Every structure is written in C-alpha cells, then in structure tokens.
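Step one of this worksheet: look at the structure below.
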Amino acid sequence: GEDVEQSLFLSVREGDSSVINCTYTDSSSTYLYWYKQEPGAGLQLLTYIFSNMDMKQDQRLTVLLNKKDKHLSLRIADTQTGDSAIYFCAESMDSSYKLIFGSGTRLLVRP
Amino acid sequence: EAQVTQNPRYLITVTGKKLTVTCSQNMNHEYMSWYRQDPGLGLRQIYYSMNVEVTDKGDVPEGYKVSRKEKRNFPLILESPSPNQTSLYFCASTGAGEQFFGPGTRLTVL
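Line by line, the protein sequences are chains A and B.
Just so we're aligned: 99 in this note's numbering is position 99 of the first sequence, and the numbers increase by one with no gaps anywhere.
Just so we're aligned: 1013 in this note's numbering is position 13 of the second sequence, and the numbers increase by one with no gaps anywhere.
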C-alpha cells in the first residue's frame, strides 16, 4: 500500500544547510509535496514537484527527486531560526485528490 | 483573500456529546477534505467530497460523518465522540493543483 516515511528530527546550526529526506512506496505517485507547519499553525505548502522532474529550485529551497529509489529530499540553504518547524512530505496520484503524508520531520535551528 | 476557515479552533468535550466542526472556503473549490493529525502518524484523511452532495470515506472514517449541502461548506460531525478522537483536525480545499489548509481545530474528548 501507500506509505511515506521521514526521519523524525533534524537539528542544524543557523546558516548551515538543512536536508530533510523522505521515501515513498507508491511508484505511481504523480505529485510530491513539501509542507511546513509552524507551532500552533496549519500547513503551508512550500513547494511541489511533478514525478517527471528530477529537481526543482525555489529561492533557498531545492527539491531533489530520485524516482528509481523513490526518494525525495528538501534542501534549505542558509537555514534561519524562522525555518524551525515540522516539515511534511506528501504524495498524491492526482493533484486534486488525497494526499498521503509522512509523519513529519521536526527541524530545530540552533543559533 | 483566499482562505479556509474552521470553527471552533479549540474544543474540549465529553464522551458521547455530539459535536460539529465547521469548515468553509471562499475559493469556489469543488474538492474538500478532512484530515486528522496525530503525533508520529502525520495527517490521515477522514472524509473527502468531490462536489456538492458527493462525499466518500478516506482512510480513517470510523466515528465521523460529513455533509456537503453547498459548495463552500464541509462540516465534520462526531455523533458520539470518544477519547480516541482527541486530535488536531484540518479541513482542506483543493483547486488548481494546490491544497489549502484551514488553521486546525484541536479537539479533546474526555
């Protein structure tokens, strides 16, 4: 069945790069997403990538997709304390329908 | 401003007392859904609706009901809440490839 896995916790120093990893099992996934959840807040869509792409860059964010290994990563360059949050990876076979979420990675940025 | 609103934001109730969490979107989206978020489990879909009067079960529908009488509203109903429904609930509305999430409703069932 569908399953998305992430490591639970990542700690980095301010100014370093953060890399959050995600693996998924459904090879028919069409869209893969990264969401950010700050404490007490809802989910904010950071970026998404189509399954026929290898990489997508948006300012400090770089998404890499290895479709063969079903591995997705989110790199945050020059990580700031405001980036501290929970990051969710999610997959969907159709952008309009159900998202399958990972359990979330809590990113802690140390000053 | 495009948004999804939920009410209430926080609710403490007791076992068996019926409650409704409202969700409303102002984007004229057809597709709406409800998720619950639990520690270590991420978000799991409870119910979804592809249009008015069209609803279907997600992954964890037991103990929940929904209705979709009009496009903008998609309430979540707990007829007889139980403690295992203590969770953080999110409503979402989808259009143009993007899911917009509400701010969340934190429900505690004693």
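Even for Gly, the Cβ is constructed at its ideal location relative to N, Cα and C.
Please read all numbers here as calculations on a predicted model, not as lab measurements.
Who pairs with residue i in a beta bridge, going by DSSP?
i: E1070 of chain B; result: Looking at the DSSP assignment, E1070 of chain B forms no beta bridge with any residue, so it has no partner.
i: G1042 of chain B; result: B:D1038
i: G1095 of chain B; result: B:E1098
i: K36 of chain A; result: A:Q44, A:Y87
i: K56 of chain A; result: A:V63
i: N1084 of chain B; result: N1084 of chain B is not bridged to any residue.
i: Y31 of chain A; result: A:F50, A:S92
i: K1065 of chain B; result: B:I1077
Counting only beta-carbon separations shorter than 9 Å, does residue i have a partner in chain A?
i: Q1025 of chain B; result: no
i: Y1031 of chain B; result: yes
How many angstroms separate the CA atom of residue i from the CA atom of residue j?
i: T1055 of chain B; j: Q6 of chain A; result: 30 Å
i: D3 of chain A; j: K1018 of chain B; result: 33 Å
i: S27 of chain A; j: K70 of chain A; result: 7 Å
i: G102 of chain A; j: V1109 of chain B; result: 25 Å
i: G1102 of chain B; j: P111 of chain A; result: 31 Å
i: I1046 of chain B; j: N21 of chain A; result: 26 Å
i: E91 of chain A; j: E1001 of chain B; result: 27 Å
i: T1020 of chain B; j: L1078 of chain B; result: 6 Å
i: I100 of chain A; j: Q1099 of chain B; result: 13 Å
i: T79 of chain A; j: G15 of chain A; result: 5 Å
i: E1053 of chain B; j: C1023 of chain B; result: 15 Å
i: G42 of chain A; j: K36 of chain A; result: 8 Å
i: D1059 of chain B; j: R1044 of chain B; result: 7 Å
i: L74 of chain A; j: L61 of chain A; result: 7 Å
i: R13 of chain A; j: K1057 of chain B; result: 43 Å
i: M1032 of chain B; j: G104 of chain A; result: 22 Å
i: S1067 of chain B; j: P1075 of chain B; result: 6 Å
i: Y24 of chain A; j: L72 of chain A; result: 8 Å
i: L45 of chain A; j: G1016 of chain B; result: 35 Å
With 9 Å as the threshold, decide whether the Cβ of residue i is near any Cβ in chain B.
i: S103 of chain A; result: yes
i: L46 of chain A; result: no
i: V4 of chain A; result: yes
i: Y87 of chain A; result: no
i: K36 of chain A; result: no
i: L8 of chain A; result: yes
i: K98 of chain A; result: yes
Suppose the cutoff is 8 Å on Cβ atoms and the five residues either side in sequence are ignored; what does the same chain contact list for residue i look like?
i: S51 of chain A; result: S29, T30, Y31, L32, L65, K67
i: T81 of chain A; result: E14, V109, P111
i: P1083 of chain B; result: T1015, V1109, L1110
Once you ignore the five residues that flank residue i on each side, which residues in its own chain have a CB closer than 6 Å to its CB?
i: M55 of chain A; result: L64
i: G1104 of chain B; result: L1088, F1090
i: I49 of chain A; result: L32, K56, V63, L65
i: S11 of chain A; result: L108
i: W1034 of chain B; result: I1046, Y1047, L1076, C1091
i: N1073 of chain B; result: S1024
Cutting at 7 Å between CB atoms, please list the residues of its own chain near residue i, excluding the five before and the five after it.
i: N1028 of chain B; result: K1071
i: N1051 of chain B; result: E1030
i: I76 of chain A; result: S17, S18, R60, L61, D83
Worksheet entry | Near-chain A residues of the region 1035-1059 of chain B (beta-carbon distance less than 9 Å), N- to C-terminal order | Residues Y1035, Q1037, P1039, G1040, L1041, G1042, L1043, R1044, Q1045, Y1048, M1050, G1058, D1059.
Item to complete: Report the residues of the region 1095-1108 of chain B with a CB closer than 7 Å to any CB of chain A, ordered along the chain.
Response: G1097, E1098, Q1099, F1101, G1102, P1103, G1104
Item to complete: Compile a chain-ordered list of the residues in the region 39-66 of chain A whose CB is closer than 9 Å to at least one CB of chain B.
Response: G40, A41, G42, L43, Q44, L45, Y48
Worksheet item: Taking a cut of 8 Å between CB atoms, which residues from the region 1062-1091 of chain B lie near chain A?
Response: Listed in sequence order: F1090.
Worksheet entry | Against chain B: residues of the region 70-83 of chain A by CB proximity under 9 Å | none
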